[in-house]
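Report on the following structure.
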Amino acid sequence: MDILNALVVLTNFVIVPGLAYGAQLAIGALGVTLIYGILRFSNFAHGDTMAFGTMATILFTWAFQAAGISFGPLPTALLALPLGIAVTGLFLLGTDRVVYRFYRQQKAKPVILVIVSLGVMFIMNGLTRFIIGVRDINFSDGERFIITARNFKEMTGLDEGLAIKTTQGITIVTALVVMAVLFWFLNKTRTGKSMRAFSDNEDLALLSGINPERVVMVTWLIVAALATTAGVLYGLDKSFKAFTYFQLLLPIFAAAIVGGLGSPVGAIAGGFVVAFAEVAITYPLKKVLGYLLPDNLAPDALVQLISTDYKFAVSFVILIIVLLFKPTGLFKGQSV
Amino acid sequence: MTHSMRAPALFALVVVLIIGTGYVQGPNTALTIVNYGLISAIMALGVNLQWGFAGLFNVGIMGFVALGGLASVLMSMPPVKEAWVAGGVNILGGLAIGAATIIAAVLAQTRMSGRGKTLVTLAVLIVGFFAFRTVFDAGVVAVEAVNPASTGYLGGLNAFDQGWFSILGWIFGGVLAAGAAWLIGKTALGLRSDYLAIATLGIAEIILAILKNEDWLSRGVKNVVGLPRPVPYETDLQNDPAFVERAAGLGYEAVEASTLFTKLLYAGLFSIFLLVILWMAQMALKSPWGRMMRAIRDNEVAAEAMGKHVTARHLQVFILGSAICGIAGAMITTLDSTLTPTSYQPLRFTFLIWVMVIVGGSGNNFGAVLGGFLIWWLWVQVEPLGQMLMNGVTAGMADGSALKAHLLDSVAHMRLLTMGLILLLVLRFSPRGLVPER
Chain V
0 MDILNALVVL
10 TNFVIVPGLA
20 YGAQLAIGAL
30 GVTLIYGILR
40 FSNFAHGDTM
50 AFGTMATILF
60 TWAFQAAGIS
70 FGPLPTALLA
80 LPLGIAVTGL
90 FLLGTDRVVY
100 RFYRQQKAKP
110 VILVIVSLGV
120 MFIMNGLTRF
130 IIGVRDINFS
140 DGERFIITAR
150 NFKEMTGLDE
160 GLAIKTTQGI
170 TIVTALVVMA
180 VLFWFLNKTR
190 TGKSMRAFSD
200 NEDLALLSGI
210 NPERVVMVTW
220 LIVAALATTA
230 GVLYGLDKSF
240 KAFTYFQLLL
250 PIFAAAIVGG
260 LGSPVGAIAG
270 GFVVAFAEVA
280 ITYPLKKVLG
290 YLLPDNLAPD
300 ALVQLISTDY
310 KFAVSFVILI
320 IVLLFKPTGL
330 FKGQSV
Chain L
0 MTHSMRAPAL
10 FALVVVLIIG
20 TGYVQGPNTA
30 LTIVNYGLIS
40 AIMALGVNLQ
50 WGFAGLFNVG
60 IMGFVALGGL
70 ASVLMSMPPV
80 KEAWVAGGVN
90 ILGGLAIGAA
100 TIIAAVLAQT
110 RMSGRGKTLV
120 TLAVLIVGFF
130 AFRTVFDAGV
140 VAVEAVNPAS
150 TGYLGGLNAF
160 DQGWFSILGW
170 IFGGVLAAGA
180 AWLIGKTALG
190 LRSDYLAIAT
200 LGIAEIILAI
210 LKNEDWLSRG
220 VKNVVGLPRP
230 VPYETDLQND
240 PAFVERAAGL
250 GYEAVEASTL
260 FTKLLYAGLF
270 SIFLLVILWM
280 AQMALKSPWG
290 RMMRAIRDNE
300 VAAEAMGKHV
310 TARHLQVFIL
320 GSAICGIAGA
330 MITTLDSTLT
340 PTSYQPLRFT
350 FLIWVMVIVG
360 GSGNNFGAVL
370 GGFLIWWLWV
380 QVEPLGQMLM
390 NGVTAGMADG
400 SALKAHLLDS
410 VAHMRLLTMG
420 LILLLVLRFS
430 PRGLVPER
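Protein chains in written order, with numbering that gives the first Met the number 0: chain V, 0 to 335; chain L, 0 to 437.
Structure below.
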């Protein structure tokens, strides 16, 4: 029984949140990795693209709520998501047209594009703050829980409860759908194949008659969809605040690099590695050990390896370890 | 305008802007802008060394600046004796254990071979980590319990309460920042260029997290206030009859004269540092070393083929540039006479410096200095200008309309937009900046 209780505690506080957070990071890292593969630079504006997309979605959510439209037990934001994606897609195409295209035609060095993306990031961040402000915004509605802790206890008769939030369930399901669609698109459709060809070898792709501008356009649209989805899922799960999304940049980059920049499978694996490391290392293990160890050995302290204030340090350390020992990442991404 | 006249003309423009500010907003405001402008110019020189000379992209300037601020506290604040007695041994011991663990792990990784290597490294790390936490945490608890409302930290090294210790703190800021830069450079340099950007982004966040949470070191978000300073205090000057008399002779009130006088003294000190660093940077640029750096920047492969050790040179210049940012960071903390970890914003301390370097002219030291002053002036003035603009835009709207209130509230975010826009415009239309590299 003790072992079961320990397992439930671990599931409740580490595995379920880790899965949800991992899924959010994975979708975010997919966007970074796609831009890296196709446009060949690290997009520092990605965190703020997520913030921008979430902001657009929140505005539509409010409009829906005001009009009395709801999605039953699910959050209204899911209904607003396609509209948010559309707005973000248009905005990204606009930035590409106004900003990035010039440097692409100049064949500028990647580091110049990184600086340019930094400029875009601040404009996006400024716009987001300008439109929606810097407050913490909670836009989740509908049912709060799939299983509440009390129901779980009554169902199983265990001492420990397992609560699964609706947003966590939605995150995992949405992530699976997004990944399935993305891989189907990349592997089966003509456009997806041309994107992969372009990513593997630009010159060869051009020779075979692939239109680079079309590839770039499709990439931005996919990135808009991924970034907005990741941002909305994260915002539903926690809350929306422009600055948090900027800070998400680090774990997302860590995830993309751990998996191997440019490799979509790697981005997903990297997302979960970073998320589980972050959640597991900052979680106080006292309760779990209390169940597993005999009473006289049970710890008094929290047994928290690192305080949650340093969760960014976890992704950073993972990043450094990967850079030191395997700079191409787990799944052999591109590296120069 | 001829090329050689361009830089002097632009510097003259900065002088005019500052004197104009002095007339419109008062000499006090103008001098404040000058002081921060001097510090910004030093930071811009540091970043110019990294980006302009070597093409290294550092997105963690804020972290090095914050480390400088910490160094300023560690050097110039008086030590808290009770705290040292309560937990000093544990904290120093804990840090020593931590350092020994890392050294042992590195030794195990490099010296051992075969299957046991990873196991031994892991064992060393795990045992060391728990030993570190046990010894260290006890010290932290003891130190933070000492009079937490006013101290609760170890304090600094300034046992004699000497003002000039803050100048030592500036140099120590450079040393600390150089140490952090070595750590980052060692891992991220030599790999793809964006890895350095991502690694510096990370280290900046971590340094900030440390400053915010390690109360025993920096008092965390409780802030360290009242740092000793190298110039006299205004109140002392106002109580000094000789000073009051001389101020009256020049036609100034004692209060105003004392603020202006201290600010002028700061400006003098900062100018000395700026001139020395500028001179060294100029000499470095002209020397064979500087030509080598630019050769590496322009064509790494060719430079490597000529027998230059590209990664080692990059590490060198990265450390130097970061050290300069650390010095400037310590200066800011002394000037503010507070360490406020929450005030370190990436926009203000990373991005703004980048705008300075790129607008001023990357690769040109005078350009960086010019950018430092010009962009700092703009940064200070954007808010009143934005306010005026918004007042103009909303003038026609009905009072009390939600849109009007929203627009007026959003003025504070104008800076982000303006600075982003300036960066993109300069990169696009004048990528070499106002004073281009020769």
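For each residue, glycine too, the CB sits at the ideal point set by N, CA and C.
Residues near residue i in its chain [Cβ-Cβ closer than 6 Å; skip 5 each side]
i, result
"leucine 406 of chain L", "Met389 and Thr393"
"leucine 124 of chain L", "Ala104"
"phenylalanine 171 of chain L", "Ala70 and Met74"
"alanine 137 of chain L", "Asn89"
"lysine 403 of chain L", "Thr393 and Met396"
"alanine 180 of chain L", "Phe317, Ile318 and Ser321"
"tyrosine 233 of chain V", "Gln23"
"leucine 264 of chain L", "Val230"
CB contact flag (residue i, residue j, <7 Å)
i, j, result
"leucine 9 of chain L", "leucine 273 of chain L", "no"
"threonine 170 of chain V", "alanine 22 of chain V", "yes"
"leucine 161 of chain V", "valine 264 of chain V", "no"
"leucine 384 of chain L", "valine 13 of chain L", "no"
"aspartate 308 of chain V", "alanine 208 of chain L", "yes"
"cysteine 324 of chain L", "methionine 74 of chain L", "no"
"proline 250 of chain V", "glycine 141 of chain V", "no"
"isoleucine 209 of chain V", "serine 198 of chain V", "no"
"tyrosine 194 of chain L", "alanine 203 of chain L", "no"
"glycine 88 of chain V", "alanine 223 of chain V", "yes"
"leucine 433 of chain L", "glycine 359 of chain L", "yes"
"isoleucine 205 of chain L", "phenylalanine 315 of chain V", "yes"
"alanine 76 of chain V", "threonine 48 of chain V", "no"
"phenylalanine 131 of chain L", "isoleucine 101 of chain L", "no"
"asparagine 146 of chain L", "methionine 76 of chain L", "no"
Three-way DSSP call (helix, strand, coil) for residue i in this model
i, result
"methionine 0 of chain V", "coil"
"leucine 203 of chain V", "helix"
"isoleucine 68 of chain V", "coil"
"lysine 192 of chain V", "helix"
"valine 224 of chain L", "strand"
"lysine 164 of chain V", "strand"
"leucine 338 of chain L", "strand"
"phenylalanine 239 of chain V", "strand"
"isoleucine 131 of chain V", "helix"
"glycine 328 of chain V", "coil"
"proline 283 of chain V", "coil"
"phenylalanine 144 of chain V", "strand"
"proline 430 of chain L", "coil"
"leucine 9 of chain L", "helix"
"isoleucine 206 of chain L", "helix"
Interface residues of chain L facing residue i [CB-CB closer than 9 Å]
i, result
"alanine 254 of chain V", "Residues of chain L passing the Cβ test: none, with the nearest at roughly 11 Å."
"glycine 269 of chain V", "Under the 9 Å cutoff, chain L gives no residues; its nearest Cβ is about 13 Å from glycine 269 of chain V."
Partner residues on chain V for residue i, Cβ-Cβ distance less than 9 Å
i, result
"asparagine 212 of chain L", "Ser306, Asp308 and Tyr309"
"glycine 359 of chain L", "Correct list: empty, because the minimum Cβ distance to chain V is about 15 Å."
"alanine 198 of chain L", "Phe315, Leu318, Ile319 and Leu322"
Beta-carbon neighbours of residue i, restricted to chain L and to distances below 8 Å
i, result
"phenylalanine 121 of chain V", "Leu346, Phe350, Leu415, Leu416, Met418, Gly419 and Leu422"
Same chain only: Cβ atoms within 8 Å of residue i, ignoring 5 sequence neighbours per side
i, result
"glycine 225 of chain L", "Ser336 and Thr337"
"isoleucine 267 of chain V", "Ala25, Ala28, Leu29, Met178 and Gly258"
"aspartate 1 of chain V", "Tyr290 and Leu291"
"alanine 196 of chain L", "Phe56, Asn57 and Val58"
Residue i: contacting residues in chain L (beta-carbon distance under 7 Å)
i, result
"phenylalanine 275 of chain V", "Under the 7 Å cutoff, chain L gives no residues; its nearest Cβ is about 18 Å from phenylalanine 275 of chain V."
Proximal residues to residue i (C-beta, below 7 Å), its chain only, five neighbours per side dropped
i, result
"valine 119 of chain L", "Ala107 and Met111"
"methionine 292 of chain L", "Phe52, Ala53, Arg312 and Val316"
"leucine 296 of chain V", "none"
Chain-ordered chain V contacts of residue i [CB-CB under 8 Å]
i, result
"leucine 426 of chain L", "Ile111, Ile114, Val115 and Gly118"
"isoleucine 205 of chain L", "Tyr309, Phe311, Ala312 and Phe315"
"alanine 208 of chain L", "Asp308, Tyr309, Phe311 and Ala312"
Against chain L, which members of the segment 85-102 of chain V pass a CB distance test of less than 8 Å?
Under the 8 Å Cβ criterion, the segment 85-102 of chain V contributes Val98 and Phe101.
Residues in the segment 19-47 of chain V with C-beta within 8 Å of chain L's C-beta atoms, listed in sequence order?
Close to chain L, meaning a Cβ-Cβ distance shorter than 8 Å, are the following residues of the segment 19-47 of chain V: Phe40, Ser41 and Phe43.
- Item | Residues in the segment 162-196 of chain L having any Cβ partner in chain V nearer than 8 Å | Only Thr186, Ala187, Leu190, Arg191, Ser192, Asp193, Tyr194 and Ala196 from the segment 162-196 of chain L bring a Cβ to less than 8 Å from some Cβ of chain V.
Please list the residues of the segment 300-334 of chain V that have a C-beta atom closer than 8 Å to any C-beta atom in chain L, keeping them in chain order.
-> Residues passing the 8 Å Cβ filter: Leu304, Ser306, Asp308, Tyr309, Phe311, Ala312, Ser314, Phe315, Leu318, Ile319, Leu322, Leu323, Pro326 and Ser334.
Exercise. Closer than 7 Å, Cβ to Cβ, to anything on chain V: give me those residues from the segment 392-424 of chain L, in chain order.
Key: Cβ contacts with chain V: Ser409, His412, Leu415, Leu416, Met418, Gly419, Leu420, Leu422 and Leu423.
*Taking only beta carbons into account, state which residues of the segment 45-78 of chain L come closer than 8 Å to chain V, listed in chain order.*
Within the segment 45-78 of chain L, contact with chain V at the beta-carbon level (separation under 8 Å) is assigned to Gly54, Phe56 and Val58.
Given a limit of 7 Å on CB to CB distance, which residues of the segment 377-390 of chain L reach chain V? Listed by position along the chain: nothing, the set is empty.
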